[in-house]
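Chains as they are written, first to last, in this note's numbering: chain A, 121 to 329; chain B, -13 to 201.
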Amino acid sequence: MEAPPVTVMPVTGGTINMMEYLLQGSVLDQALESLLHRLRGLCDNMEPETFTDHELVYLLKGQQGNPFILRARRSLSHPNAPWHLRYLGQPEVGDKSRHALVRNCVDVAASHSLPEFLNEMGFRMDHEFVTNGHIFRKGGMKIVVSKLSRVLVPGNTENTERLSLSYLVELSVLAPAGQDTVSEDMRSFAEQLKPLVHLEKIDPSKQRH
Amino acid sequence: MGVATDTETVCHVPVAEGKSVQQTVDIVHKKLEQLGAVKHGSFCVDCETYHATGNASGQPSKLLYVMHNSETPLSCMALFEGGPCLIADANFDVLMVKLKSHFQNAKGHKVECRGSRYRYCDFLIKVGTVTMSSSARGISVEVEYCPCIVPGDCWNLMKEFMLSFLGTNVPELPSVFAAKPEGLFAPADCVDTMTQYLELFNKLRKLQISGSNVR
Chain A
121 MEAPPVTVMP VTGGTINMME YLLQGSVLDQ ALESLLHRLR GLCDNMEPET FTDHELVYLL
181 KGQQGNPFIL RARRSLSHPN APWHLRYLGQ PEVGDKSRHA LVRNCVDVAA SHSLPEFLNE
241 MGFRMDHEFV TNGHIFRKGG MKIVVSKLSR VLVPGNTENT ERLSLSYLVE LSVLAPAGQD
301 TVSEDMRSFA EQLKPLVHLE KIDPSKQRH
Chain B
-13 MGVATDTETV CHVPVAEGKS VQQTVDIVHK KLEQLGAVKH GSFCVDCETY HATGNASGQP
47 SKLLYVMHNS ETPLSCMALF EGGPCLIADA NFDVLMVKLK SHFQNAKGHK VECRGSRYRY
107 CDFLIKVGTV TMSSSARGIS VEVEYCPCIV PGDCWNLMKE FMLSFLGTNV PELPSVFAAK
167 PEGLFAPADC VDTMTQYLEL FNKLRKLQIS GSNVR
């Protein structure tokens, strides 16, 4: 990085180079209860946590190349909470031995002016959806079991339609780059969830067919 | 988020005749100390300028400013001149690095304002040296009156206080307050303060361009 032209470094913070390790799977609606039961037994002892979020996916198109994608999320159950802005990089073309998908990740907490601000930056909303479900934790691992719903009238989160008859299951860890032991822990945890759900390393870029 | 509890004003103090920036800062410090103000740590406000690299519409793009204030060390503020502003956490800086192919950092435009904080009864005073490209360009004085959030109600008091150590350099009511119908200051998100700093930085930048003899 080039040094700033002033005498000292600015009071900037932020965590550079955080990676998201991810495994994904799904269960049919009828299997939800048994999966939740299993997760309650395996995960850290905590109050059951549910959520309902609205996610807007924004694109910034440049003169060339792929558009820049940002995800803005807000809680519908806690409307006063800050918005969550997320950048996800391309999955790493890592070695085959790694058990999880690894991609660069930047999480930013932001004020409620976020949609207006992204518009001013030139971003345009591409699509939106509502997601609701359950969160579990085990150490640094996060397990999210969620139902995705399509927003029928743009911006109206009251009027939604379920996308499928199943729940998305995601196991993720945020860690600095290079901590590949993380994916080992994830694999052994995923093993314990079989045969209720099979969590796999799914490359989203190979799904555009 | 905190509760709105104070009013702040930021103004530019011209360099005294025949003095350097540092000597003028020392004079202001001395006057504050003579009043009985007590030194209370230091502060820093900085501002990075970005411009959009290629916009499809072909219209001239607005500048995007990303600012930090040591009073709110975990936050980062991004704003467009006269446009919407965003308060985010420090990871916003990391995001701007990711966005570098769309928003270019105008390196030469980095502005920093550093100095000392003073406390005097209900007032908090920050005297800063504004630096652009490693050279001191001017002096800022920020005065915060902690107990009141209605600028119109405490402006005369603040003015009188500033008169005691700034003499004739007392500013008018900042436009950010005049423009607000409800006239309330919003310190919880420091937007009003940062807008005033940005106005001051842009004013000093123009002074520099027009070839003023500011040293």
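Ideal placement from N, C-alpha and C gives every residue a C-beta, glycine not left out.
Note that the structure is a prediction, hence the values are computed from the model and not measured.
Problem - Those residues which DSSP pairs with His88/B across a bridge - result: For His88/B, which the question treats as bridged, DSSP gives no partner whatsoever.
Exercise for the section: Please confirm if Phe78/B has its CB atom under 9 Å from at least one CB of chain A. Expected result: yes
Problem - N- and C-terminal bounds of the beta strand (DSSP E) containing Ala220/A - result: Taken as a continuous stretch (DSSP letters only), Ala220/A belongs to no beta strand (DSSP E), as it is neither H nor E.
Practice task
Just the chain B side, please: which residues come within less than 8 Å of Leu234/A by C-beta, in chain order?
Solution key: Leu72
Problem - Interface flag, Phe89/B vs chain C, CB-CB below 9 Å - result: The chain inventory of the structure shown lacks chain C, comprising the protein chains A and B.
Practice task
Would you check if the segment 159 to 179 of chain A and the segment 240 to 252 of chain A touch, i.e. whether three or more CB-CB distances between them fall below 8 Å?
Solution key: yes
Exercise for the section: Using a Cβ-Cβ cut-off of 9 Å, state whether Phe187/B counts as contacting chain A. Expected result: no
Practice task
Starting from the Cα of Ala64/B, find the closest Cα among Arg193/A, Val213/A and Glu236/A and give me that residue.
Solution key: Glu236/A
Practice task
Starting from the beta carbon of Gly298/A, find every residue of chain B whose beta carbon is closer than 8 Å, and list them in chain order.
Solution key: Residues of chain B passing the Cβ test: none, with the nearest at roughly 17 Å.
Exercise for the section: Return the first residue and the last residue of the beta strand (DSSP E) that Phe237/A is part of. Expected result: From DSSP, Phe237/A is part of no beta strand (DSSP E) but of the alpha helix (DSSP H) over Leu234 to Met241.
Practice task
Check whether the Cβ of Gly69/B lies closer than 9 Å to any Cβ atom in chain A.
Solution key: yes
Problem - Distance between Ser161/B and Ala230/A (C-alpha atoms, nearest Å) - result: 26 Å
Exercise for the section: Determine contact between the segment 311 to 327 of chain A and the segment 97 to 104 of chain B, defined as no fewer than three beta-carbon pairs at a distance below 8 Å. Expected result: no
Handout entry: Bounding residues of the beta strand (DSSP E) (the contiguous stretch that carries His(-2)/B)
Key = Thr(-7) to Val(-1)
Exercise for the section: State yes or no: is the beta carbon of Thr39/B nearer than 9 Å to at least one beta carbon in chain A? Expected result: yes
Handout entry: Cα-Cα separation, Val273/A to Asn279/A
Key = 7 Å
Practice task
Determine the direct distance from the alpha carbon of Tyr51/B to that of Cys71/B, and round the result to whole angstroms.
Solution key: 9 Å
Practice task
Evaluate contact between the segment 103 to 122 of chain B and the segment 26 to 41 of chain B, counting only Cβ atoms and requiring at least three cross-stretch pairs below 8 Å.
Solution key: yes
Practice task
Under the assumption that Pro133/B contacts Thr(-5)/B (Cβ atoms under 8 Å), give the Cβ distance between them as a whole number of angstroms.
Solution key: At roughly 15 Å, the Cβ-Cβ gap does not stay under 8 Å, so Pro133/B and Thr(-5)/B are not in contact.
Exercise for the section: Buried or exposed for Glu385/A, please, with buried defined as at least 16 other CB atoms from any protein chain shown within 10 angstroms of its CB. Expected result: Residue 385/A is absent from the model: chain A starts at 121 and stops at 329.
Problem - Of the residues Ser266/A, Tyr207/A and Gly260/A, the one placed nearest His254/A, counting alpha carbons only - result: Ser266/A
Problem - Inter-residue CB distance, Leu205/A and His174/A (contact presumed, cutoff 8 Å) - result: Contact flag wrong, Cβ pair sits at about 13 Å.
Handout entry: Close-in-space but distant-in-sequence residues of the same chain around Leu148/A (CB under 7 Å, 5 per side omitted)
Key = Leu285 and Ser286
Practice task
List in chain order: all unbroken alpha helix (DSSP H) runs of 4+ residues lying wholly within the segment 294 to 329 of chain A.
Solution key: 301 to 312
Handout entry: Near-chain B residues of the segment 165 to 191 of chain A (beta-carbon distance less than 9 Å), N- to C-terminal order
Key = Leu180, Lys181, Gly182, Gln183, Gln184, Gly185, Phe188 and Leu190
Problem - Cβ separation of Val302/A and Val289/A, assumed to be a contact under 8 Å, to the nearest whole Å - result: Wrong, their Cβ atoms sit about 18 Å apart, outside the cutoff.
Exercise for the section: Output yes if chain B places a C-beta closer than 9 Å to the C-beta of Val250/A; else output no. Expected result: no
Problem - Three-state class that DSSP yields for Pro59/B in the structure shown - result: coil
Problem - Phe147/B versus Tyr131/B: straight-line alpha-carbon distance, rounded - result: 10 Å
Exercise for the section: Could you work out which residues of chain A lie near Leu81/B, taking near to mean beta carbons separated by less than 9 Å? Expected result: Gly134, Leu190, Leu205, Tyr207, Val226 and Val228
Problem - Assigned secondary structure, Pro202/A (DSSP; H/G/I helix, E/B strand, else coil) - result: coil
Handout entry: First and last residue of the uninterrupted beta strand (DSSP E) at Met118/B
Key = Phe109 to Met118
Practice task
Give the range of the beta strand (DSSP E) segment to which Lys25/B is assigned.
Solution key: Val24 to Ala38
Exercise for the section: Using a cut-off of 8 Å between C-beta atoms, extract the partners of Met139/A located in chain B. Expected result: Chain B residues near Met139/A: none, gap ~13 Å exceeds 8 Å.
Exercise for the section: Ignore the nearest five residues each way along the sequence and tell me which others in Lys5/B's own chain have a CB closer than 6 Å to its CB. Expected result: none
Problem - Residues sharing a beta bridge with Thr154/B, DSSP - result: According to DSSP, Thr154/B bridges with nothing at all.
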